[in-house]
Amino acid sequence: MPIARSKITSQGQISVPADVRKRLGVGPGSMLEWDEEGDKIVVRRAGRYTFEDIHNAIFKGKRPKRRSLRELQEGLGRYVAERYLRRQS
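Residues 567 to 655 (the working numbering) make up the sequence shown, in order.
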């Protein structure tokens, strides 16, 4: 049994029913992805940023400096400690 139904306008637009918007956690300006899975079309909430967007924001298009596993673990430990300490204040 379907969750909800929508009608397509003459311009190819649809309204997303309120129950579906709540379940997806979307509102005005949200992006939805339409995907084909076998004989079904699946609609899901799209992520706001791609991995490439995030990488470019962090590294400004440059390759990051190579680090050892130990350096990564130490850096992560410092980040978590600083973040935890800020919450305690």
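Glycine included, each C-beta is placed from N, C-alpha and C at the ideal position.
Note that the structure is predicted; figures quoted are calculated from it, not measured.
Close CB contacts of A570 within its chain, under the 7 Å cut and outside five residues either way in sequence, are with P583, D585 and V586 (chain order).
According to the DSSP assignment, I624 belongs to no beta strand (DSSP E) but to the alpha helix (DSSP H) extending over F617 to F625. P594 and S576 have their C-alpha atoms spaced approximately 21 Å apart. For the set Y645, V608, L598 and D601, the Cα lying nearest the Cα of P568 is the one of V608. In this structure, the beta-carbon distance from A612 to S596 falls below 9 Å.
Secondary structure of K606 (DSSP, three-state): strand.
Look at R649 here: in three-state DSSP terms it is helix.
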